[in-house]
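Novice:
2 protein chains.
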Amino acid sequence: MRASARARGERAAQVSANGGERGRVATIFDVARLAGVSHQTVSRVLNDLPNVRPATRERVENAIRQLRYVPSQAARALVTRRSRTLGLVAAGLPDFGPSSIVLHVNESAADAGYAVITTTLADALGPTLRSAAEMLIRQNVEAIVLIATERAALDAFDGWELGVPLVAVASEARGRALRVTIDQYRAARAAVSHLLELGHRDIRHIAGPAGSMDAEERLRGWRDRLGEAGIAVVDPPRGDWSPQSGFDLGTAMLQGGVPGAVFVSNDQMALGLLHALAEAGLRVPEDVSVVGFDDIPEAAHFQPPLTTMRQDFVGLGRDAMAAVLAHLQDEQSTEHPEPRPSQIIVRSSTRAV
Amino acid sequence: MRASARARGERAAQVSANGGERGRVATIFDVARLAGVSHQTVSRVLNDLPNVRPATRERVENAIRQLRYVPSQAARALVTRRSRTLGLVAAGLPDFGPSSIVLHVNESAADAGYAVITTTLADALGPTLRSAAEMLIRQNVEAIVLIATERAALDAFDGWELGVPLVAVASEARGRALRVTIDQYRAARAAVSHLLELGHRDIRHIAGPAGSMDAEERLRGWRDRLGEAGIAVVDPPRGDWSPQSGFDLGTAMLQGGVPGAVFVSNDQMALGLLHALAEAGLRVPEDVSVVGFDDIPEAAHFQPPLTTMRQDFVGLGRDAMAAVLAHLQDEQSTEHPEPRPSQIIVRSSTRAV
DNA sequence: CGCTGATGTCCCCAGCAATGC
DNA sequence: AGCATTGCTGGGGACATCAGC
Numbered sequence: 001m002r003a004s005a006r007a008r009g010e011r012a013a014q015v016s017a018n019g020g021e022r023g024r025v026a027t028i029f030d031v032a033r034l035a036g037v038s039h040q041t042v043s044r045v046l047n048d049l050p051n052v053r054p055a056t057r058e059r060v061e062n063a064i065r066q067l068r069y070v071p072s073q074a075a076r077a078l079v080t081r082r083s084r085t086l087g088l089v090a091a092g093l094p095d096f097g098p099s100s101i102v103l104h105v106n107e108s109a110a111d112a113g114y115a116v117i118t119t120t121l122a123d124a125l126g127p128t129l130r131s132a133a134e135m136l137i138r139q140n141v142e143a144i145v146l147i148a149t150e151r152a153a154l155d156a157f158d159g160w161e162l163g164v165p166l167v168a169v170a171s172e173a174r175g176r177a178l179r180v181t182i183d184q185y186r187a188a189r190a191a192v193s194h195l196l197e198l199g200h201r202d203i204r205h206i207a208g209p210a211g212s213m214d215a216e217e218r219l220r221g222w223r224d225r226l227g228e229a230g231i232a233v234v235d236p237p238r239g240d241w242s243p244q245s246g247f248d249l250g251t252a253m254l255q256g257g258v259p260g261a262v263f264v265s266n267d268q269m270a271l272g273l274l275h276a277l278a279e280a281g282l283r284v285p286e287d288v289s290v291v292g293f294d295d296i297p298e299a300a301h302f303q304p305p306l307t308t309m310r311q312d313f314v315g316l317g318r319d320a321m322a323a324v325l326a327h328l329q330d331e332q333s334t335e336h337p338e339p340r341p342s343q344i345i346v347r348s349s350t351r352a353v
Numbered sequence: 001m002r003a004s005a006r007a008r009g010e011r012a013a014q015v016s017a018n019g020g021e022r023g024r025v026a027t028i029f030d031v032a033r034l035a036g037v038s039h040q041t042v043s044r045v046l047n048d049l050p051n052v053r054p055a056t057r058e059r060v061e062n063a064i065r066q067l068r069y070v071p072s073q074a075a076r077a078l079v080t081r082r083s084r085t086l087g088l089v090a091a092g093l094p095d096f097g098p099s100s101i102v103l104h105v106n107e108s109a110a111d112a113g114y115a116v117i118t119t120t121l122a123d124a125l126g127p128t129l130r131s132a133a134e135m136l137i138r139q140n141v142e143a144i145v146l147i148a149t150e151r152a153a154l155d156a157f158d159g160w161e162l163g164v165p166l167v168a169v170a171s172e173a174r175g176r177a178l179r180v181t182i183d184q185y186r187a188a189r190a191a192v193s194h195l196l197e198l199g200h201r202d203i204r205h206i207a208g209p210a211g212s213m214d215a216e217e218r219l220r221g222w223r224d225r226l227g228e229a230g231i232a233v234v235d236p237p238r239g240d241w242s243p244q245s246g247f248d249l250g251t252a253m254l255q256g257g258v259p260g261a262v263f264v265s266n267d268q269m270a271l272g273l274l275h276a277l278a279e280a281g282l283r284v285p286e287d288v289s290v291v292g293f294d295d296i297p298e299a300a301h302f303q304p305p306l307t308t309m310r311q312d313f314v315g316l317g318r319d320a321m322a323a324v325l326a327h328l329q330d331e332q333s334t335e336h337p338e339p340r341p342s343q344i345i346v347r348s349s350t351r352a353v
């Protein structure tokens, strides 16, 4: 079909004629023309394929530099069916946990040569999630990573054929999504163990919101560990992660007497609790021991510096990216990686009784 | 050219023959075939163009639903040269300020129907920025939004033809980038005015790092406002935004005596300062007044609750997106929007002397 | 002949302009 | 005039083919 070839040639000629035109960028044909080879040879150079003579390669590379040629991702995506792009769906920003995960998934993706399209959601309702996912699919993402704090978010994706792999960062295993996770349950048990080892028996809990899987796992860890120690518990109050709710629930808790220790489901609520305790004239850790969760940057400078659980968000980001890549290479790989362990950071808000 | 049309037809036939094949997605031709129209008619339906009979439109829409057809963004981008995608370059995460800006730019972009590819940077060095920007260009973004905290980041982009509009979120006007901003200078002046009105004269400052434009503007506001009040100042100590640096610099500051009031360049360092003051047995606000900057969610529950400057990140995100859209529609529009004003939040860390 | 290095053709998928009924 | 169709375009990769030694 010579007509086609000629059309290409004419176009290329036009381009070199008005190369100075604003906004016009070089194509692979322009490069080929300048280097005196076919566009296919340029393609081989671009993709590091064999069968290109070093001298030819050199010429092509010079032409690329000269024209400041950048391959069109759109054209490449069209033919390879690979966009080198990931979708990231995150609700619950700007909390420390989700934000950190987003940050580190981004970093791991960049290392793997992937771009990340992030959609932040105000709520985790089905329709919202659905339209976010559809937008990502339209943008041609190769996989979707879902930062799921609420159970509802995970459920919304279930029984819904996306067409691309779904990796969920979540603390419960639900649905068919590939899951990467931090072991919140064991971390909560470790926090309670720390208090038990200090001799505490009256260990209360301020939990996170009901829909949150993280909150649920931390609550379960607290309950189970106390149960094993032969200590009966009642249902704990639930906050919304905010310092204000920690303050309110802490104030309410003090109405019924002074607890020996409190395990709080995140650092911000722990801060609110510290505030409530200070207002009530109670000293930490002399009167009450407090353990938080997350190890936010501020925690080391609370009054007193907070004992808390530090999570491995960096590792989690890597796990998520590894899961994506594994699934992209091999559809069958449904191996869930080991949950990432957490680490207790003992500061000055806990002490032995 | 009938050959071409026939090739299309054959391909379409193949598709419907193995429609169950894994990973194969429907194209506009499959839809056209099922609806008994040409692909162009489908295109008109997709783009809400006139000249489609309601009955035809109906048939096409049914076919789209039936095949779960999603237009290929890659193909569309190739022909329209519009990717509906924005690039966002952010250094300095996960600090509260930059994180908030990223979040709200994302939201505003989503409202405008744009996807956002975010790249997070470990440092703001030239080569890092450059490769980040190149990656975004390859991904075909229509514009780049740069969250620039450091002056060096802004300078790195200068004199460098990107090929796409650049919008900088930054507190200094540098280079040719379109700029949106929060007026840090006026905000700092307001913070100092608050202390002056309370009768303070000995008003110190703990500044942010030297390269930071935000830190510089806040420092300048503090210096100028005090100068106007006839109060001489010396160069303030500089932290790195972290609570630890606030603690260290606060401790050092107390070696030279107890100040009347301190204006701290961000809330986290203010927290460190509160910690240092508490350790020295000083009371806030009885002995020392403290004003922070940012109004992070924790600030209301510091001990004591912190007086601080709240910035309008939501508005800033909208400004950034508006600037992008304006520039995309009209290359000449280089109007910088008015800087967003900030608001003082008076809590319990300041009081009259 | 057999291998290396380079070329030609078709295809990916959607939108636009011109055309046809 | 209203509605639908045909042909071409965009940038680059896969594959088959070809030239040279």
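Taken in order, these protein sequences are the chains called A and B. Going by UniProt numbering, the first residue of the first sequence is number 1, and it counts up by one from there. Going by UniProt numbering, the first residue of the second sequence is number 1, and it counts up by one from there. Note that CB positions come from ideal geometry on N, CA and C, so glycine has one too.
For Gln268/A, does the three-state DSSP call read helix, strand or coil?
Specialist: Gln268/A falls in the helix class under three-state DSSP.
Novice: If you draw a straight line from the alpha carbon of His327/A to that of Leu166/A, how long is it in whole angstroms?
Specialist: Spanning the two alpha carbons is a distance of roughly 9 Å.
Novice: Counting along the chain, where does the alpha helix (DSSP H) carrying Ser108/A start and finish?
Specialist: Per DSSP, Ser108/A belongs to the alpha helix (DSSP H) from Phe96 to Asp111.
Novice: Tell me, to the nearest whole angstrom, how far the beta carbon of Leu226/B is from that of Val234/B; I am working on the premise that it is less than 8 Å.
Specialist: Actually they are not in contact, since the Cβ atoms of Leu226/B and Val234/B sit about 11 Å apart, beyond 8 Å.
Novice: With DSSP as the reference, label Gly87/B as helix, strand or coil.
Specialist: Three-state DSSP puts Gly87/B in a strand.
Novice: Would you say Ala110/A lies against chain B (beta-carbon separation less than 8 Å)?
Specialist: Judged by the 8 Å Cβ criterion, Ala110/A is in contact with chain B.
Novice: Name the DSSP beta bridge partners of Ala168/A, please?
Specialist: In the DSSP output, where bridge partners are listed per residue, Ala168/A has Leu146/A and Arg179/A.
Novice: How is the beta strand (DSSP E) around Ile203/B delimited, first residue to last?
Specialist: Start and end: Ile203 to Ile206.
Novice: Can you give me the C-alpha to C-alpha distance between Thr41/A and Ala109/B, rounded to a whole angstrom?
Specialist: Those two C-alpha atoms are separated by around 39 Å.
Novice: Indicate whether at least one CB of chain B lies closer than 8 Å to the CB of Thr307/A.
Specialist: No, no contact with chain B.
Novice: Taking Leu67/B as the reference, which of Gly208/B, Ala35/B and Glu161/B has the closest Cα?
Specialist: Minimum Cα distance to Leu67/B is reached at Ala35/B.
Novice: For Ala168/B and chain A, any beta-carbon pair shorter than 8 Å?
Specialist: Chain A contact via Cβ: absent.
Novice: Could you tell me the alpha carbon to alpha carbon distance between Glu216/B and Val180/A, rounded to whole angstroms?
Specialist: Taking the straight line from one Cα to the other gives about 42 Å.
Novice: Does the segment 135 to 148 of chain B come within contact of the segment 318 to 327 of chain B, defined as at least 3 CB pairs closer than 8 Å?
Specialist: Judged by Cβ distances under 8 Å, the segment 135 to 148 of chain B makes contact with the segment 318 to 327 of chain B, as three or more pairs qualify.
Novice: Flag Arg138/A as yes if its beta-carbon sits less than 8 Å from any beta-carbon of chain B, otherwise no.
Specialist: Yes, its Cβ sits closer than 8 Å to a Cβ of chain B.
Novice: In chain order, what residues of the same chain lie with their CB nearer than 6 Å to the CB of Arg340/B, ignoring the 5 residues before and after it?
Specialist: Excluding sequence neighbours, Arg340/B sits near Ile182, Asp312, Gly315 and Leu316.
Novice: Compute the Euclidean distance between the alpha carbons of Thr350/A and Ser193/A, then round it to the nearest angstrom.
Specialist: Looking at the two C-alpha atoms, the distance is approximately 12 Å.
Novice: Does Gln66/B get closer than 8 Å to chain A when you measure Cβ to Cβ?
Specialist: No, no contact with chain A.
Novice: Can you tell which of Trp160/B, Ala299/B, Ala74/B and Met135/B has its C-alpha closest to the C-alpha of Ser242/A?
Specialist: Nearest C-alpha to Ser242/A: Ala299/B.
Novice: Do Ile206/B and Gly159/B count as a contact pair if the criterion is CB distance below 8 Å?
Specialist: Their beta carbons are not under 8 Å apart, which means Gly159/B does not touch Ile206/B by this criterion.
Novice: Within the same chain, show all residues whose beta-carbon is closer than 7 Å to that of Thr56/A, passing over the 5 residues directly before and after it, in chain order.
Specialist: Around Thr56/A: Val37 and Thr41.
Novice: State yes or no: is the C-beta of Ala188/A within less than 8 Å of the C-beta of Arg218/A?
Specialist: It is a contact, given that the beta carbons lie within the stated cut-off.
Novice: Suppose contacts are defined by Cβ-Cβ distances below 8 Å. Is Asp271/B in contact with Gly246/B by that definition?
Specialist: Sequence inspection shows Leu at residue 271/B; the Asp mentioned does not correspond to that position. In this structure, Gly246/B lies closer than 8 Å to Leu271/B by Cβ.
Novice: Could one say the Cβ of Glu21/B lies closer than 8 Å to chain A's Cβ atoms, at least one of them?
Specialist: Because the pLDDT of Glu21/B is 38, which lies under 50, any placement of that residue in the model is unreliable, and the number read from its coordinates should be weighed accordingly. Output row for Glu21/B: interface = no.
Novice: For Glu338/B, collect the residues of the same chain with a Cβ closer than 7 Å to its Cβ; drop the 5 residues on either side in sequence, then sort them by chain order.
Specialist: Result list for Glu338/B: empty, nothing under 7 Å.
Novice: Could you tell me whether the Cβ atoms of Ala77/A and Ala132/B are closer together than 8 Å?
Specialist: No.
Novice: Going by DSSP in three states, Ala320/B sits in which element: helix, strand or coil?
Specialist: Looking at Ala320/B - three-state DSSP - the assignment turns out to be helix.
Novice: Taking 8 Å as the cut-off, decide whether the C-beta atoms of Thr85/A and Ile117/A are in contact.
Specialist: Cβ atoms of Thr85/A and Ile117/A: closer than 8 Å.
Novice: Mind listing, in chain order, the continuous alpha helix (DSSP H) runs of no fewer than 4 residues lying wholly within the UniProt domain "HTH lacI-type" (26 to 80) of chain B?
Specialist: Runs found: 28 to 35, 39 to 46, 54 to 67 and 73 to 80.
Novice: Do residue 372/B and Leu198/B have their C-beta atoms within less than 8 Å of each other?
Specialist: Lying before the first or after the last residue shown, residue 372/B is absent from chain B, which here runs from 1 to 353.
Novice: Would you say Thr350/A reaches chain B, if we count a Cβ-Cβ gap shorter than 8 Å as a contact?
Specialist: Cβ-Cβ to chain B under 8 Å: no for Thr350/A.
Novice: So what's Ser289/B in DSSP terms, helix, strand or just coil?
Specialist: Strand.
Novice: With which residues is Leu121/A paired in a DSSP beta bridge?
Specialist: Leu121/A is bridged to Ala91/A.
Novice: Counting along the chain, where does the alpha helix (DSSP H) carrying Arg218/A start and finish?
Specialist: From DSSP, the alpha helix (DSSP H) with Arg218/A extends over Met213 to Glu228.
Novice: Between the alpha carbons of Asn106/B and Asn106/A, how many angstroms are there, rounded?
Specialist: The alpha-carbon atoms of Asn106/B and Asn106/A are separated by roughly 15 Å.
Novice: Of all the CB atoms in chain B, is at least one closer than 8 Å to the CB of Gln255/A?
Specialist: By this cut-off, Gln255/A is not an interface position.
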